[in-house]
Amino acid sequence: MGWTVTADAEEFWRATDPYLRAHRVASTLVLSILDTLRSRGGGVYGAPPELAWWDDGAGPSALVVHTPPYRPVVSAMPVDAAAAWAALRPRPRRVLGPAGTVDHLARAWDATVDVLVAERLHRLAALRPPRAPAPTRPARDADRELLWSWVQEFHDEATPDDPPPPRPALDAAVDQGRIVVAVTGGGPVAYAAVGPTSLATARIGPVYTRPEHRGRGHGATVTAAAARLALARGAEEVLLFTDLANPTSNALYARLGFVGVTDVVDAALVPVARKNV
1343 MGWTVTADAE EFWRATDPYL RAHRVASTLV LSILDTLRSR GGGVYGAPPE LAWWDDGAGP
1403 SALVVHTPPY RPVVSAMPVD AAAAWAALRP RPRRVLGPAG TVDHLARAWD ATVDVLVAER
1463 LHRLAALRPP RAPAPTRPAR DADRELLWSW VQEFHDEATP DDPPPPRPAL DAAVDQGRIV
1523 VAVTGGGPVA YAAVGPTSLA TARIGPVYTR PEHRGRGHGA TVTAAAARLA LARGAEEVLL
1583 FTDLANPTSN ALYARLGFVG VTDVVDAALV PVARKNV
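This is the structure we're talking about:
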């Protein structure tokens, strides 16, 4: 009973398989990270990963996945598991997970929570594609540099506090046919990527439209095309995250047939002493 920590993605996969299968939707971020580690090696993020599971005597019931320099991703966990984890590890600057778990961890580290982004995980119930979509097609080799510039633009606009995006992830998505683009006037104007399918789940993201082409339905078009692609690749659950502070994107995905499942927060953990200064 307690936490077990490993840097071996295969060991973690074997140990947590029952938990991941039972919570495959809520574990979408963990599954994505594991797919990257298992397919591209433990050094893909730079530093060795820290993969941990909590066993309360009845099998794994909580997870922590940390791939520096990225923030740890945590699952739902009870207070005692959070306290035990905080006793094992120093407080990170940020953490991503359910608000309740983040609060448990913050208290255990004698810190307060400063929510940077609140997100909602959605699953596709029944696809309702836009009525007059722009043409879409798979991304091609010739699109790589344009897409790479868009990945960087998306990072600067939506996630500027995160580490820079890795180019190999984009190239792998193009190579594996997991990116669709909307085309008008002969050139791409928007794109959506689909993550690898794992345990019959796949997550869409990012979805990006160049600023000068926004407000014309291109985001809905590429999201619908990406959803169809995910289903064609064997996904039973098609997922995506939205920023709860962006009512436009939340309404768009609802119109397409996505429904909210659970909320998570990307939060800074601020030491109490520093907060009071």
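Just so you know, we're using our numbering here: the sequence shown kicks off at 1343 and counts up by one. Glycine included, every Cβ here is placed at the ideal spot set by N, Cα and C.
Continuous alpha helix (DSSP H) stretch holding residue i: start and end
i, result
"residue 1464", "Unbroken run through residue 1464 is the beta strand (DSSP E), 1453–1466; no alpha helix (DSSP H)."
"residue 1585", "That residue, residue 1585, is in no alpha helix (DSSP H); its beta strand (DSSP E) goes 1579–1585."
"residue 1554", "Counting along the chain, residue 1554 falls outside any alpha helix (DSSP H), and DSSP gives it neither H nor E."
"residue 1503", "Premise fails: residue 1503 is in no alpha helix (DSSP H) and is neither H nor E."
"residue 1431", "Run containing residue 1431: none; DSSP gives neither H nor E here."
Whole-number beta carbon distance between residue j and residue i, since they are thought to touch under 8 Å
i, j, result
"residue 1535", "residue 1515", "5 Å"
"residue 1437", "residue 1447", "6 Å"
"residue 1596", "residue 1542", "In fact, because the Cβ distance is near 23 Å, the residues do not count as touching under 8 Å."
"residue 1368", "residue 1604", "6 Å"
Per-residue DSSP class, three states only, for residue i
i, result
"residue 1619", "Low confidence applies to residue 1619: its pLDDT is 45, below 50, so where it sits in the model is not reliable, and the reading given next is rough at best. Three-state result, residue 1619: coil."
"residue 1337", "This structure gives no information on residue 1337, because the portion of the chain shown stretches from 1343 to 1619."
"residue 1603", "strand"
"residue 1475", "coil"
"residue 1397", "strand"
"residue 1530", "strand"
"residue 1539", "coil"
"residue 1368", "coil"
"residue 1626", "No answer is possible for residue 1626: the residues shown for the chain start at 1343 and end at 1619."
"residue 1570", "helix"
Beta-ladder partner(s) of residue i, from DSSP
i, result
"residue 1608", "1438 and 1459"
"residue 1392", "1408"
"residue 1480", "1522"
"residue 1613", "1453"
Residue environment, residue i, which counts as buried when at least 16 other CB atoms sit within 10 Å
i, result
"residue 1374", "buried"
"residue 1466", "buried"
"residue 1443", "buried"
"residue 1601", "exposed"
"residue 1381", "exposed"
Enclosing beta strand (DSSP E) for residue i [first to last residue]
i, result
"residue 1402", "1402–1408"
"residue 1344", "1344–1348"
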